[in-house]
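Sequential numbering from 44 applies to the sequence shown in the numbering used here.
The next block holds one structure in the form of structure tokens; read it before the comments.
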Amino acid sequence: MEYAQTLCNKLCSINEGGYFLNPKNEKVIQAVIVEDELSSRNNLKNLLAQYAKDIEIVGEAESIDDAVTTFKGLAKQPDVAFLDINLSDGLVFSLLNKLRPFQFEIIFVTAFEEYAVKACEYSSIGYILKPIDPDALKEAIDRIPKNGKNQIEKRLEIFNSHYNNPNVFSKMSIAAVDGIYFVNITDIIRFEAEDNYTHIFLQTGEKITASKTIKAYEELLASYNFYRVHKRHVINLNCMKKYLKGDGNIVIMEDDTHIEVSRRRRASFLEKLRDLQEGN
């Protein structure tokens, strides 16, 4: 009997509705859903039950006031909150202001809104676009920091800065393999790809390894004088020291790194340099 109970404890976790299998004995991630549309809430719950069996829904709400009551009624803060940005009684940011201080991770669930998506990228805050793609949902959950040191309020400040002033920004959050870094955009000299990771080199000499592809950074910073000169390299054009056109088409960066401009990208790179010289 004792053996059977021990085995059950390893295989199962208690939920309000009874037992659910947890065969890998993984840590259960407690979650709250804040979404004003019942159909959207139910859809998310169904997807989580199907694709994220380690997620336990401990609360749900349809409005800001309802959410405040839900959060305050919990014995402890959840690990993550799935939040719709536009609720029936206002923006979800007013809810977050009422809940401060908090440590739970945030994953925004929203219809496509360019400024919100960009702000999430700059701040390393998770987001899922409606209609929800299961792969995007799993990816957002996989990116939840495992060490509990998510610095979420500082990341939220960066999000708010970009969301409210999308054309003016100076700092971004980088989710690295060893933690979360906050860097000034102008301090980034270059990005270098290695498989699905990206090494980021700063003016300080520091190197950060991020769990994001170089293509993501190329797209994120393309309009801010960052340019992909090679399949493995994105450079800050403001940090170029010299371009050796007749000697292998090499760019020398401020950290004295020599980077080859690939043949395929050479013409567009030279055109970009001409635009910079002309102030375009």
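Using N, Cα and C, we set each Cβ at its ideal position, and we do this for glycine too.
Fair warning: this is a prediction, and the values are worked out from it, not measured in the lab.
query: Once you ignore the five residues that flank Val304 on each side, which residues in its own chain have a CB closer than 7 Å to its CB?; result: Val272, His273, Asn292, Val294, Phe312
query: Which residue marks the beginning of the alpha helix (DSSP H) containing Arg317, and which one marks its end?; result: 309 to 320
query: State the CB to CB distance for the pair Ile232 and Val226, rounded to an integer number of angstroms; the pair is presumed to be in contact (CB under 8 Å).; result: Their Cβ separation, rounded to whole angstroms, is 11 Å, which puts Ile232 and Val226 out of contact at 8 Å.
query: Quick one: residues in its chain with C-beta nearer than 6 Å to the C-beta of Asp176, no 5 flanking neighbours on either side, listed in chain order?; result: none
query: Please state if the CB of Phe202 and the CB of Ala162 are separated by a distance shorter than 8 Å.; result: yes
query: Do Ile228 and Ser213 have their beta-carbon atoms positioned less than 8 Å apart in this structure?; result: yes
query: Taking all protein chains shown into account, do 16 or more other C-beta atoms lie within 10 angstroms of the C-beta of Leu193, making it buried, or fewer, making it exposed?; result: Correcting the residue identity first, residue 193 is Asn in this sequence and not Leu. Under this definition Asn193 is a buried residue.
query: Cutting at 8 Å between CB atoms, please list the residues of its own chain near Thr112, excluding the five before and the five after it.; result: Ala104
query: Check each candidate in Val123, Asn268, Phe234 and name the one with the smallest Cα separation from Ala259.; result: Phe234
query: Whole-angstrom Cβ separation of Pro121 and Phe147, contact assumed at under 8 Å?; result: 5 Å
query: Suppose only complete runs of 3+ residues qualify. What are the beta strand (DSSP E) ranges in the segment 175 to 207, listed by chain order?; result: none
query: How many angstroms separate the CA atom of Asp178 from the CA atom of Gln93?; result: 12 Å
query: Which runs of the beta strand (DSSP E) at least 3 residues long sit entirely within the segment 73 to 149? Give them in chain order.; result: 98 to 104, 123 to 126
query: Considering only C-alpha positions, which residue in the set Lys96, Leu117, Gly116, Thr153 is nearest to Glu78?; result: Thr153
query: Find the nearest neighbour of Asp97 within the set Asp185, Leu280, Pro209, judged by alpha-carbon distance.; result: Asp185
query: I need the straight-line Cα distance from Arg307 to Lys119, nearest angstrom please.; result: 55 Å
query: Can you tell me which of the three DSSP states Arg275 falls into?; result: coil
query: Should Gly169 be listed as close to the ligand FMN, given that the test is whether its C-beta is under 7 Å from any heavy atom?; result: What this structure holds is no ligand at all, so the ligand FMN is not there to describe.
query: What three-state label does DSSP hand Ser216 in the structure shown?; result: strand
query: Mind checking His276: buried by the 16 CB within 10 Å criterion, or exposed?; result: buried
query: Do Leu263 and Glu157 come within 8 Å of each other at the CB atom, strictly closer than that value?; result: no
query: Starting from Val160, trace the alpha helix (DSSP H) both ways and give me its first and last residue.; result: 157 to 166
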